[in-house]
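In my numbering, the protein residues as written are 10 to 92. Here a beta-carbon is modelled for each residue, glycine too, at the ideal position from N, C-alpha and C.
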Amino acid sequence: MRRAIFLVAILLAMSIPYVQADSEEGVLFTWTGNASTVELIGEWDWDSPTTMTETDGIWSATVDLADGLYCYKFIVDGNYTFD
């Protein structure tokens with residue numbers, strides 16, 4: 010019985026999809042809403058916000074990042090907004 014449970018667990022683990030940033034394209038961040046300016050700031054460089062561009066109400070920016078977990082937030086019209 011333990012073997013069967015172990016085998017099922019392995020098969021399930023192998024079928025779980027995972028998300029990985031494409032190192033050639035970078036990581037795409039988006040924010041939707043009305044604003045005059047939107048910037049992105051994060052652990053990769055807290056001192057230099059990245060200006061986001063707006064298209065049809067969707068603000069976006071692509072950042073080159075190594076695989077990992079990062080804290081970040083948006084600066085919307087000068088106000089910090091957490092995602």
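- With fewer than 16 other CB atoms across the displayed protein chains lying within 10 angstroms of its CB, W55 is exposed.
- For F91, no pairing in a beta bridge is given by DSSP.
- Inclusion of W40 and F91 in the CB contact set at 8 Å is not warranted, their separation being larger than that value.
- Taken atom to atom, the span from the alpha-carbon of Y89 to that of G51 is near 11 Å.
- Looking only at G66, I14, L78, A44, the smallest Cα-Cα distance to V36 is reached by L78.
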